[in-house]
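Under my numbering, the first residue of the sequence shown is numbered 15, with each subsequent residue one higher.
Ideal placement from N, C-alpha and C gives every residue a C-beta, glycine not left out.
Here the structure is a predicted model, which is why all the values come from computation and not from measurement.
Taking it in order: structure first as structure tokens, then the write-up.
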Amino acid sequence: MIIDRLSRAAQYRCLSPHISKAIDFITRADVETLACGEYELDGRSVYGIVQEYDTILSGENQLSRGTWEAHRKYIDLQLVVSGREGIGWADISTLAAGDYNSQQDFMPLVGDGHVLTLVAGSFMLLYPWDGHMPRLAVGEPEHVRKVVVKITYEDSSRG
Numbered sequence: 015m016i017i018d019r020l021s022r023a024a025q026y027r028c029l030s031p032h033i034s035k036a037i038d039f040i041t042r043a044d045v046e047t048l049a050c051g052e053y054e055l056d057g058r059s060v061y062g063i064v065q066e067y068d069t070i071l072s073g074e075n076q077l078s079r080g081t082w083e084a085h086r087k088y089i090d091l092q093l094v095v096s097g098r099e100g101i102g103w104a105d106i107s108t109l110a111a112g113d114y115n116s117q118q119d120f121m122p123l124v125g126d127g128h129v130l131t132l133v134a135g136s137f138m139l140l141y142p143w144d145g146h147m148p149r150l151a152v153g154e155p156e157h158v159r160k161v162v163v164k165i166t167y168e169d170s171s172r173g
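If you want it as structure tokens, here you go:
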């Protein structure tokens, strides 16, 4: 997991060509005015999703009431454009895994972790070993505009 400010996003281009394309998108597109929906940046290898929603699950025990998730095929780059959002995070080795859905690249998880706050202009890179729970309220629920870029995960250790 990496958390940083959009103003420093270019520092992460060296991680992979796909991550570089994702960073190009979030730094060059007018993410404040793009219509909500999907944007293919490199076919299904790298694509962006612009979304708006109200955060939920504020208060005590919010991590026990939400749904943890992880992905095997994609890295998530999550950029908060406006508002504040809590995102639960835990290493998947500390969570109990449910049945993986390969078509949706979605693995539900159960357990406990930490809530990290993303504010407007901050982003998070989440790898397959990063369990996460988005859409958490920081204090009172609020409206969030967000860009999620799905980036094909290339594990160099797989040979």
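Residue i vs residue j beta-carbon contact at 8 Å
| i | j | result |
| --- | --- | --- |
| leucine 130 | isoleucine 37 | no |
| serine 21 | threonine 166 | no |
| glycine 102 | methionine 147 | yes |
| arginine 42 | serine 136 | no |
| arginine 149 | tyrosine 114 | no |
Residue nearest to residue i in terms of C-alpha spacing, selected from the options
| i | options | result |
| --- | --- | --- |
| valine 133 | Gly97, Leu139 and Asp119 | Gly97 |
| phenylalanine 120 | Asp90, Met138, Leu48 and Gln76 | Asp90 |
| glutamine 205 | Gln118, Cys50 and Leu140 | Here the chain has residues from 15 to 173 only, and residue 205 is not among them. |
| leucine 140 | Gln117, Ile106 and Gly153 | Ile106 |
Same chain only: Cβ atoms within 6 Å of residue i, ignoring 5 sequence neighbours per side
| i | result |
| --- | --- |
| lysine 164 | Tyr61 and Tyr88 |
| arginine 27 | Ser34 and Ile37 |
| aspartate 144 | Met15 |
Integer Cβ distance of residue i from residue j, believed to fall under 8 Å
| i | j | result |
| --- | --- | --- |
| alanine 84 | proline 142 | 6 Å |
| leucine 93 | isoleucine 40 | 5 Å |
| threonine 81 | proline 122 | 6 Å |
| alanine 151 | glycine 100 | 6 Å |
| glutamate 52 | isoleucine 63 | 5 Å |
7 Å Cβ shell around residue i - same chain, five flanking residues per side excluded
| i | result |
| --- | --- |
| valine 95 | Val45, Glu46, Ala134, Arg159, Lys160 and Val161 |
| leucine 109 | Trp82, Leu123, Val124, Gly125 and Gly145 |
8 Å CB neighbourhood of residue i in its chain, flanking five on each side removed
| i | result |
| --- | --- |
| histidine 128 | Gly102, Trp103 and Ala104 |
| aspartate 68 | Pro155, Glu156, His157 and Val158 |
At 4 residues or longer, what runs of the alpha helix (DSSP H) sit wholly inside the region 65-153? Fully enclosed alpha helix (DSSP H) runs of no fewer than 4 residues occupy 76-79 of the region 65-153, in order along the chain.
Please list the segments of the alpha helix (DSSP H) lying wholly inside the region 19-66, counting only runs of 4 or more residues, in order along the chain. Within the region 19-66, the complete alpha helix (DSSP H) runs of at least 4 residues are 31-42.
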